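Let me begin by presenting the structure, written as structure tokens, before commenting on it.
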Amino acid sequence: MKFSGGAPGVFGSLIRFTLDEEKWTLELEQWEVWFFELRYYTYLHAYNHTYARIQQDLHQLNDEEWWLLKRLLGNDEDVTVMDKAAPRLLRMGVVTERPVETGQYGWKTILAIVSPMMKRVCLDARFQHEKSIKL
6 MKFSGGAPGV FGSLIRFTLD EEKWTLELEQ WEVWFFELRY YTYLHAYNHT YARIQQDLHQ
66 LNDEEWWLLK RLLGNDEDVT VMDKAAPRLL RMGVVTERPV ETGQYGWKTI LAIVSPMMKR
126 VCLDARFQHE KSIKL
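To convert, take the position in the sequence shown, counting from 1, and add 5; that gives our numbering.
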């Protein structure tokens, strides 16, 4: 079964995963423990195709793009759209432009990771990337 992107697709894929794993009888608290502590990554890889695509795209970043992403993961607010590694991350939907006030009359546009969930996806990719470098 194919699901649309965004929240409806994620919701649908969570329901499908829960049914396939025969966990529909669990109460919410039990389900959360089962899902987040035991099966989260299985769900992401097998049911959330957007996650798999973003992971694949992140693993293809060059060194400059990884350097920029690591700065953003560390909450560096000095990363601007003028950075040459920024366009690819913007096209991928990993980061967004955010205007910030710099003084009494000034503004600049910085980059920020689009959501806490995207930050988690990027942290997962970073861990895998650094693990592959050490091998």
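Just so you know, even glycine gets a beta-carbon here, dropped at the ideal spot from N, CA and C. On a predicted model such as this, the values are computed, not experimentally measured, just so you know.
- Cβ neighbours of E37 within its own chain (closer than 8 Å, five residues either side excluded): none.
- If one requires a minimum length of 4 residues, the alpha helix (DSSP H) runs lying completely within the region 65-127 are 68-78, 91-97, in chain order.
- Of the residues assessed, N53 falls on the buried side of the cut-off, its CB having 16 or more other CB atoms within 10 angstroms.
- Annotation for L31: no alpha helix (DSSP H) segment contains it, and DSSP assigns it neither H nor E.
- Boundaries of the alpha helix (DSSP H) harbouring L49: 45-52, taken from the DSSP string.
- Nearest in C-alpha terms to I115, of all of V100, K136, M123, D129, is V100.
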